[in-house]
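Report on the following structure.
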Amino acid sequence: MFKTKRRLWGSAFVITLLSLAAIYQFAFGGQYLDYGMTEEGQFVLKEGIGQGTPITNTDVRGEEEGLNRLGGYMNTFNMGIWVLILAVSLFAATFITLRNDHLMGKHPKRKRYLWWMWIGTALALAMFVVYWTRYIKLINEGIHSVLF
């Protein structure tokens, strides 16, 4: 079907990227974390799929500085998800290309490339876990400073 490695890699990259981006955009609206306020000034945390529910007994009117900082943390976190989608697409395209027997055949460095790809995947995953925990901590501190 594909005559060159570039075409296979490019096709796999584009298909994976568009699929993951579409899922993220349609399921989460492009934002995994977001916040809002009700008419009564109650804080609403939107996390994942769903509209979010107001946190009762909260009045965040007059907390613009804390809300702006929290919004900045959430925007940075959401941008990190887009970077993760890009990284997953890169790794998926590379894996699909390296596992293609027709194009790679008995390439002498095929196993070495697969090994390096798995190391890169593990490092990227570890970096994302560190990133995730760092920003979740910052977001929790931001919510705490706004509410209390």
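Just so it is clear: in the sequence shown, position 20 is 20 by UniProt numbering, and no numbers are missing. Positions of the beta carbon are idealized from the N, C-alpha and C atoms, including for glycine.
The beta carbon of Asp59 sits closer than 8 Å to the beta carbons of Glu40, Gly41 and Gln42 from its chain, once the five residues preceding and following it are set aside; these are given in chain order. Annotation for Glu64: the continuous alpha helix (DSSP H) segment containing it runs Glu64 to Leu98. The C-alpha of Val44 is placed about 14 Å away from the C-alpha of Gly66. Between the alpha carbons of Ile85 and Ile15 lies a gap of roughly 12 Å. Each residue's CA atom was taken as its position, placing Arg7 and Leu123 some 27 Å apart.
Lys46: member of the beta strand (DSSP E) spanning Phe43 to Glu47, first to last residue. Note: Gly36 is bridge-paired with Val44 in the DSSP secondary-structure output. With three or more CB-CB distances shorter than 8 Å, the stretch 72-84 counts as touching the stretch 130-139. Annotation for Gly142: the continuous alpha helix (DSSP H) segment containing it runs Arg110 to Leu147.
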